[in-house]
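Following my numbering, the residues of the sequence shown are numbered contiguously, the last one being 1594.
We treat Cβ as the ideally placed atom computed from N, Cα and C, and that holds for glycine.
In this text, all values refer to a predicted model and were calculated from it rather than measured experimentally.
As structure tokens, the structure follows; a few thoughts come after it.
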Amino acid sequence: MISINNIFRTDNEKYIPLFFLLLIGYQFFLSFQGFDVCDEGWVLTFYQQIFSAPETVEYNFLYWLTGIFGGVWYNLFPTGGIISFRILTIITTTILCIISYNILKKHVGKYQILLGLWIVLLLQDYGLIVFHHNHLSSLLSIVSIYLIINGLKNNSSILILLSGFIIGLNIFSRLPNITLTVYILLIPLYAYLTRKKIKDSIPQALIFLSGALISFVFVFIALSYLDHIDIFKKALSTLFLAGKGSDSNHNFLSLLKAYISNYRLVIQNGISILACLTFILFIFKIRIKNTLLKKVLIILSTLVTLYFLRGIDSFSLYFLGFMGSIFVIIRKTASPEFKLIAIAAMLMMVFLPLGSDYGISNMGYYTLWLSIPIFIWSISELKTIRLHIGWNNNNQNNVVFGNNTIKNSFLIVLFVYIIIKLYQVSHNAYFDPGSRFEKTTSINSIYAKGIKTTKTRAQIINEVLPALTKHTKPGDYLLAYDNLPMLHFLTDTKPYMYNSWVWVYDSFVFDTKLKKAENVTSKLPVVILQKFNTLGNFSTPQPDYMSTDKKDDYRYKKGRVIAMSSFLQRNNYKTVWSNEYFDILTPEDISKANE
């Protein structure tokens, strides 16, 4: 059996299938708990409507290719519901791990890779969510890296062409992925690393670009065949509208500030990790003959590390990922191919999160599949660490830590990390916080079968669903205000405002889209208003939820409330069902509604 102390060196492949089975089993175990009404409902409604009523999910066309994948899966398993799309996530993540393993296996120890992949998987301490654009973006990014690395190594124009093709496709899984065209830089960099003339790499770069252009033609043909071109154009126009509102989170300045803030956190968290590692290194360096006292010190150092790293997140692992990749790049004995992989890993870390309103916070989980295994390898390659203490250059002030001390210190940090993440995942699910031991109650919907959540959350949803289905039927228009996209999916209703999650609109776009729908759509929708917060934890009822006297913040935008209230007034909506959490409204003249 493999000892944890040998994981840095062993290349025995006997247990590799077991690692992958455990990886699949871990995800599968987590897939049955957690009920999120926001992000998951948003993408699930997209998949549900992309082929039957694509114009109603216009905004989601910014992630068109993701919608195609999800829509095909939905049509294959139309009653599979939430759980089927979590299984699709497991399939995607497993493929991603297998490809990452194959990219690295000639350069990094096999179990070092698997340990690194587990670390990245555990970083997702909310458990498992349904397949969405971040999963597909990460997968296609890794596939493109695999193809271009092998294409350059084997001088294969076909593989380089395919890499460019995949990058082109990836733009349509999430439009900000256009930044990943930066992978073209890997071509001249490989020429430089292999001491070839950079100008000789120009034909290969043109082949890569040709692949991307071919993918654009392919996508255009698919859009035309599905009659999606006009909808896609409208989605693009919405993208340009976003940011005009003063309360937008997606204007250039907001995104730039978020990105700068992200890297400040990367540095801060990195310093914390280095401080903990240094502390543990010194604990191991202390010469104590009493074995019991030595063990007590190690336990105490573990507890101290546990305290300081209790909030470890993607920012911390970003720091380690950069350290490992830079170590490979500057290492003289590393092969050109390995250095190129390290550069590709860094490019993925830097450029994939661009365009996300929270940057690394949102996308960091999906960018570390190469860099963290590389970091694990770099730890094993550190022969010594030499620290200088004091102000003079006297060698007597140097403290030297050997390879075994470095490894043992890392293993303590690793142990602490695993404990923290397992605890966090046991007390959290995506946008459904709380102990998993309390998530034992079902949602009464065929689309949520097999999913368990807390009793309180289930009661809130189970009370409103029958009332909503009394006033709507599958295929009807529904306006769910403002963080309730999952209700569209559970009732198979069409979004009225071209987007099931209207909260993502800033006030300007919200008002524009609402007036457009009012003028274009012949029937008015049934409206459901929430009176409590559903972003993250479900709050207690908030009677002032639709008040215009509150100050704007991340959750609340006065402009949206004013536009929504005005729509209800001018169309004479009345409340037909109400409890402390929801109001359901229809036009006073019911003939103007879906019926």
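Extent of the continuous alpha helix (DSSP H) run through residue i
| i | result |
| --- | --- |
| glutamine 1423 | 1402-1425 |
| leucine 1308 | Segment: none, leucine 1308 is in no alpha helix (DSSP H) and carries neither H nor E. |
| glycine 983 | This structure gives no information on residue 983, because the portion of the chain shown stretches from 1000 to 1594. |
| lysine 1232 | 1228-1240 |
| tryptophan 1368 | Neither: tryptophan 1368 is in no alpha helix (DSSP H) and is coded neither H nor E. |
| asparagine 1133 | 1132-1152 |
| aspartate 1543 | It is not in any alpha helix (DSSP H) - aspartate 1543 carries neither H nor E in the DSSP assignment. |
| glutamate 1336 | 1335-1350 |
| isoleucine 1460 | 1454-1470 |
| threonine 1044 | 1038-1048 |
| alanine 1211 | 1201-1224 |
| glycine 1358 | No alpha helix (DSSP H) contains glycine 1358, which DSSP labels as neither H nor E. |
| arginine 1569 | 1557-1569 |
| tyrosine 1189 | 1185-1192 |
| glutamine 1111 | 1109-1122 |
Residue from the options with nearest C-alpha to residue i
| i | options | result |
| --- | --- | --- |
| phenylalanine 1581 | Phe1436, Asn1532, Asp1491, Gly1433 | Asn1532 |
| asparagine 1571 | Leu1235, Val1218, Leu1584 | Leu1584 |
| isoleucine 1298 | Ser1313, Ile1311, Tyr1046, Phe1278 | Phe1278 |
| leucine 1184 | Ser1172, Leu1174, Ile1206 | Ile1206 |
| isoleucine 1417 | Tyr1182, Ile1311, Leu1061, Glu1012 | Ile1311 |
| phenylalanine 1318 | Ser1172, Ile1527, Trp1502, Phe1374 | Phe1374 |
| isoleucine 1067 | Arg1173, Leu1367, Ile1148 | Arg1173 |
| valine 1303 | Ile1419, Arg1559, Asp1431 | Ile1419 |
| histidine 1426 | Asp1124, Lys1104, Gly1163 | Asp1124 |
| asparagine 1443 | Phe1027, Leu1421, Gly1080, Tyr1062 | Gly1080 |
| arginine 1435 | Ser1355, Ser1565, Tyr1364, Phe1031 | Phe1031 |
| leucine 1122 | Lys1338, Val1424, Pro1494 | Val1424 |
| threonine 1366 | Leu1381, Ala1343, Lys1451, Thr1383 | Ala1343 |
| glycine 1449 | Tyr1014, Phe1028, Leu1346 | Phe1028 |
| tryptophan 1502 | Phe1488, Leu1483, Ala1516, Glu1517 | Leu1483 |
Residue i - containing beta strand (DSSP E), residue span
| i | result |
| --- | --- |
| proline 1586 | 1581-1586 |
| alanine 1479 | 1476-1480 |
| isoleucine 1527 | 1525-1529 |
Simplified DSSP state of residue i, which is helix, strand or coil
| i | result |
| --- | --- |
| glutamine 1026 | helix |
| isoleucine 1003 | Per-residue confidence for isoleucine 1003 stands at a pLDDT of 46, beneath the threshold of 50, marking its modelled position as unreliable; the derived number appears in the next sentence. Note: isoleucine 1003 maps to helix in three-state DSSP. |
| lysine 1515 | helix |
| serine 1577 | strand |
| proline 1682 | For the chain, the structure presents residues 1000 to 1594; residue 1682 sits outside this window and is missing. |
| serine 1538 | coil |
| threonine 1078 | coil |
| threonine 1383 | strand |
| lysine 1451 | strand |
| threonine 1440 | strand |
Residue environment, residue i, which counts as buried when at least 16 other CB atoms sit within 10 Å
| i | result |
| --- | --- |
| alanine 1274 | exposed |
| isoleucine 1230 | buried |
| isoleucine 1003 | Model confidence at isoleucine 1003 stands at a pLDDT of 46, short of 50, so the residue's coordinates are unreliable; what they give is reported in the following sentence. Classification of isoleucine 1003: exposed, given that the 10 Å Cβ count is below 16. |
| isoleucine 1001 | Bear in mind that a pLDDT of 41 at isoleucine 1001, under 50, signals an unreliable position, so the model cannot answer this. |
| glutamate 1039 | buried |
| proline 1016 | exposed |
| valine 1519 | exposed |
| phenylalanine 1007 | Here phenylalanine 1007 scores only 49 on pLDDT, less than 50, and its place in the model is too uncertain to base an answer on. |
| glutamate 1012 | exposed |
Within-8 Å CB hit, residue i to chain D
| i | result |
| --- | --- |
| threonine 1490 | No chain D is present in this structure, which holds just one protein chain. |
Inter-residue CB distance, residue i and residue j (contact presumed, cutoff 8 Å)
| i | j | result |
| --- | --- | --- |
| glycine 1126 | alanine 1341 | Wrong, their Cβ atoms sit about 30 Å apart, outside the cutoff. |
| isoleucine 1405 | isoleucine 1378 | 7 Å |
| leucine 1095 | isoleucine 1141 | 6 Å |
| glycine 1371 | valine 1119 | Inspection of the sequence shows that residue 1371 is occupied by isoleucine rather than by glycine. Going by Cβ atoms, the distance from isoleucine 1371 to valine 1119 rounds to 5 Å, so yes, they are a contact pair. |
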